[in-house]
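Report on the following structure.
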Amino acid sequence: MGKEKNPRRVADNEAMAISRMLRTSPQKLNLVAGLIRGKKVEKALADLTFSKRRIAGDVKKCLQSAIANAENNHGLDVDSLVVAEAWCGKNLVMKRGRPRARGRFGKIMKPFSEITIKVRQSGESA
Numbered sequence: 005m006g007k008e009k010n011p012r013r014v015a016d017n018e019a020m021a022i023s024r025m026l027r028t029s030p031q032k033l034n035l036v037a038g039l040i041r042g043k044k045v046e047k048a049l050a051d052l053t054f055s056k057r058r059i060a061g062d063v064k065k066c067l068q069s070a071i072a073n074a075e076n077n078h079g080l081d082v083d084s085l086v087v088a089e090a091w092c093g094k095n096l097v098m099k100r101g102r103p104r105a106r107g108r109f110g111k112i113m114k115p116f117s118e119i120t121i122k123v124r125q126s127g128e129s130a
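Here our numbering is used: the first residue of the sequence shown is 5, the next is one more, and so on.
Below, the structure is given as C-alpha cells:
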C-alpha cells in the first residue's frame, strides 16, 4: 500500500533549490539575487563567479544545485535553462550587544537569510 506520492511543487519544465542560514541580511542577498534574475544559467554563473560580493559564492552554490536538480531529478536540458525566479527571505537573527557609555547597552543584530532559486527550461533548445 504506502502513502501517495507528493505532488510536484514546480511545473514540469522547472526545478528549484533552496539555501538556508546564509549569514547576511536579506537586503544584501536580494542585491545578488537581482543580479541573476531572468538570465541564462551560464551567464548567471559567470556573473556570480566574478562578483565582488562575499555572499555571491553561496548564491552560486545554490544555483549549481538547482541546475543539478534540473538535470538529474527532472531530466531537463542544461543548455536551455534560464533563472526564472530568485527570491530571498529572512531567517533567524542572533542578538548580540556591546556595552556603551553611561551603563547603556548597544544592540548588535546578526541576521541570517535564505534564498530560493527556480530555473526553467526555455522553449528553444540549443
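We treat Cβ as the ideally placed atom computed from N, Cα and C, and that holds for glycine.
None of the values given here were measured: they were computed from a predicted structure.
Indicate whether residue i and residue j have their beta-carbon atoms separated by less than 7 Å.
{"i": "valine 87", "j": "lysine 43", "result": "yes"}
{"i": "alanine 72", "j": "valine 123", "result": "no"}
{"i": "serine 29", "j": "cysteine 66", "result": "no"}
{"i": "alanine 48", "j": "isoleucine 59", "result": "no"}
{"i": "serine 84", "j": "serine 126", "result": "yes"}
What are the boundary residues of the beta strand (DSSP E) that includes residue i?
{"i": "glycine 127", "result": "Counting along the chain, glycine 127 falls outside any beta strand (DSSP E), and DSSP gives it neither H nor E."}
{"i": "leucine 26", "result": "18–26"}
Quick one, which of the options has its alpha-carbon nearest residue i's?
{"i": "isoleucine 119", "options": "Met113, Leu85, Met5, Arg27", "result": "Arg27"}
{"i": "arginine 57", "options": "Asn34, Glu46, Lys47", "result": "Asn34"}
{"i": "proline 103", "options": "Leu96, Ile40, Ile112", "result": "Ile112"}
{"i": "valine 36", "options": "Asp62, Glu18, Ala72", "result": "Asp62"}
{"i": "alanine 15", "options": "Glu46, Glu89, Leu39, Lys99", "result": "Glu89"}
{"i": "valine 45", "options": "Lys99, Glu75, Arg24, Arg100", "result": "Glu75"}
{"i": "lysine 99", "options": "Arg108, Phe116, Lys7", "result": "Phe116"}
{"i": "arginine 12", "options": "Ser126, Gly101, Ala70, His78", "result": "His78"}
{"i": "lysine 94", "options": "Ser84, Asn10, Val82, Met25", "result": "Met25"}
{"i": "valine 97", "options": "Lys114, Arg108, Gly6", "result": "Lys114"}
{"i": "tryptophan 91", "options": "Ala50, Phe109, Ala21", "result": "Ala21"}
If you follow the alpha helix (DSSP H) that residue i is in, where does it begin and where does it stop?
{"i": "leucine 33", "result": "30–40"}
{"i": "asparagine 95", "result": "Careful: asparagine 95 lies outside any alpha helix (DSSP H), inside the beta strand (DSSP E) at 85–103."}
{"i": "leucine 67", "result": "60–76"}
{"i": "lysine 47", "result": "45–53"}
Can you pull the DSSP bridge partners for residue i?
{"i": "glycine 110", "result": "Arg102"}
{"i": "glutamate 118", "result": "Gly93"}
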